[in-house]
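Protein chains in written order, with the numbering used here: chain A, 2 to 208; chain B, 7 to 127.
We put the beta carbon where it would ideally sit given N, CA and C, even for glycine.
Let me begin by presenting the structure, written as structure tokens, before commenting on it.
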């Protein structure tokens, strides 16, 4: 095996990007620790959601509120965006020009925005069916868990726009590279949280 | 100007070229595996007529395998020695989650069972 030695989670840039690699390793590990603490928050909100499953207070339940088709589309969008971010990471590692990198990042950004739009449309439909957060404990728990993931995706999109700006202004210096690697970790991590959401909340609820 | 310079691709050594192929293949395999593991549970819920308990089990199994796939192919968490820290952190987080999440479920469902049977879904 002649693979690059792995120094941190996510794609490692390897010897061709040796500038500031030690700092990068530390910063990305720090971000990884943050990601794991975020994981605990999501895990506890999942526990809260399961505890509140029975608390519909006579209001609409999962079967009335959730639609499988739009959840399926959201899942595919997010999964594809994870893949396109992977392609962007490869472009960062192996290409000198920024063009393929920027194209893949913009595709990822558009997919992220499409995901948020679909999710908002979903929430709007839920509101229309009387599924407002104040209706019951079950719906409150739903709206503390799923939109928190949506907010993370929104934050990641804003971060991505900021990084695109930095690429335009500074080019690919080592700070921008570190930022891209950390955002990649966040993006892939959000996809993992979404797997838990669609399995437990949506598919579990629709069973 | 050579073709390579025109495409502005960084001059890759043979080793790097091999690594690129391997890494790209990793992402493609990750995408395909995740796609299959997404289609199975959605298909089961939409079309299959099986008992709820078996269904919950299959959904959970697909989700866990897909999470491992994401960690392995997208986040590059492997069992290689120098990456042990990252993996250890995941395992520690899982331990914390088991204690806190599992404890929450245990206590509250016990409470429901004793005081509010209507809350048990």
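Quick one: residues in its chain with C-beta nearer than 7 angstroms to the C-beta of residue i, no 5 flanking neighbours on either side, listed in chain order?
{"i": "residue 35 of chain B", "result": "79"}
{"i": "residue 81 of chain A", "result": "112"}
{"i": "residue 192 of chain A", "result": "79, 80, 83"}
{"i": "residue 174 of chain A", "result": "none"}
{"i": "residue 154 of chain A", "result": "113, 116, 117, 191"}
{"i": "residue 120 of chain A", "result": "75, 151"}
{"i": "residue 103 of chain A", "result": "165, 168"}
{"i": "residue 96 of chain A", "result": "102"}
For a contact defined as C-beta to C-beta under 9 angstroms, what are the partners of residue i on chain B?
{"i": "residue 131 of chain A", "result": "Ordered by position in chain B, no residue passes the 9 angstroms Cβ test against residue 131 of chain A, which lies about 19 angstroms from the chain."}
{"i": "residue 61 of chain A", "result": "Within 9 angstroms Cβ-Cβ: nothing; residue 61 of chain A doesn't reach chain B, min ~14 angstroms."}
{"i": "residue 45 of chain A", "result": "103, 106, 107, 110"}
Given a threshold of 16 other Cβ atoms within 10 Å of its Cβ, counted over all protein chains shown, does residue i qualify as buried or as exposed?
{"i": "residue 35 of chain A", "result": "exposed"}
{"i": "residue 130 of chain A", "result": "exposed"}
{"i": "residue 20 of chain B", "result": "exposed"}
{"i": "residue 53 of chain A", "result": "buried"}
{"i": "residue 189 of chain A", "result": "buried"}
{"i": "residue 104 of chain B", "result": "exposed"}
{"i": "residue 137 of chain A", "result": "buried"}
{"i": "residue 63 of chain A", "result": "buried"}
{"i": "residue 128 of chain A", "result": "exposed"}
{"i": "residue 109 of chain B", "result": "exposed"}
{"i": "residue 55 of chain B", "result": "exposed"}
{"i": "residue 10 of chain B", "result": "For residue 10 of chain B, the predicted model reports a pLDDT of 43, less than 50, meaning its position is unreliable and no value from the coordinates is stated."}
{"i": "residue 16 of chain A", "result": "exposed"}
Note down, in chain order, each residue of its chain lying with its Cβ closer than 8 angstroms to the Cβ of residue i, except the 5 sequence neighbours on either side.
{"i": "residue 198 of chain A", "result": "146, 147, 150"}
{"i": "residue 23 of chain B", "result": "none"}
So with CB distances below 7 angstroms, who are the chain B contacts of residue i?
{"i": "residue 58 of chain A", "result": "The contacting residues do not exist; residue 58 of chain A stays about 10 angstroms from chain B at best."}
{"i": "residue 189 of chain A", "result": "76, 80, 81"}
{"i": "residue 10 of chain A", "result": "81, 82, 83, 92"}
{"i": "residue 115 of chain A", "result": "Here the premise fails: no neighbours, minimum Cβ distance about 17 angstroms."}
{"i": "residue 73 of chain A", "result": "48"}
Taking 6 angstroms as the limit between beta carbons, can you name the residues of its chain near residue i, skipping five residues before and five after?
{"i": "residue 67 of chain A", "result": "203, 206, 207"}
{"i": "residue 49 of chain A", "result": "142"}
{"i": "residue 88 of chain A", "result": "105"}
{"i": "residue 58 of chain A", "result": "137"}
So with CB distances below 8 angstroms, who are the chain A contacts of residue i?
{"i": "residue 121 of chain B", "result": "Those do not exist, as residue 121 of chain B stays about 13 angstroms from chain A at its closest Cβ, beyond 8 angstroms."}
{"i": "residue 114 of chain B", "result": "52"}
{"i": "residue 18 of chain B", "result": "95"}
Just the chain A side, please: which residues come within less than 9 angstroms of residue i by C-beta, in chain order?
{"i": "residue 40 of chain B", "result": "80, 83, 84, 192, 196"}
{"i": "residue 26 of chain B", "result": "91, 94, 95"}
Round the Cβ separation of residue i and residue j to the nearest angstrom and send it over; I've been treating them as touching at under 8 angstroms.
{"i": "residue 51 of chain B", "j": "residue 61 of chain B", "result": "7 angstroms"}
{"i": "residue 85 of chain B", "j": "residue 68 of chain B", "result": "Not a contact, Cβ separation roughly 22 angstroms."}
{"i": "residue 43 of chain A", "j": "residue 194 of chain A", "result": "5 angstroms"}
{"i": "residue 101 of chain B", "j": "residue 10 of chain A", "result": "Going by Cβ atoms, the distance from residue 101 of chain B to residue 10 of chain A rounds to 19 angstroms, so no, they are not a contact pair."}
What residues from chain A crowd round residue i, counting only those whose CB sits closer than 7 angstroms?
{"i": "residue 30 of chain B", "result": "91"}
Against residue i, what residues of chain B qualify as contacts under a CB-to-CB distance less than 8 angstroms, listed in chain order?
{"i": "residue 200 of chain A", "result": "47, 65, 66, 68, 69"}
{"i": "residue 108 of chain A", "result": "Here the premise fails: no neighbours, minimum Cβ distance about 14 angstroms."}
Proximal residues, the region 42-76 of chain B versus chain A, C-beta separation under 8 angstroms
44, 47, 48, 51, 52, 58, 61, 62, 65, 66, 68, 69, 72, 73, 76
Along the region 12-37 of chain A, what residues have a CB closer than 8 angstroms to any CB found in chain B?
12, 13, 15, 17, 30, 33, 34, 37
Taking beta-carbon pairs under 8 angstroms, can you tell me which members of the region 155-184 of chain A lie near chain B?
Residues of the region 155-184 of chain A with a C-beta less than 8 angstroms from any C-beta of chain B: none at all.
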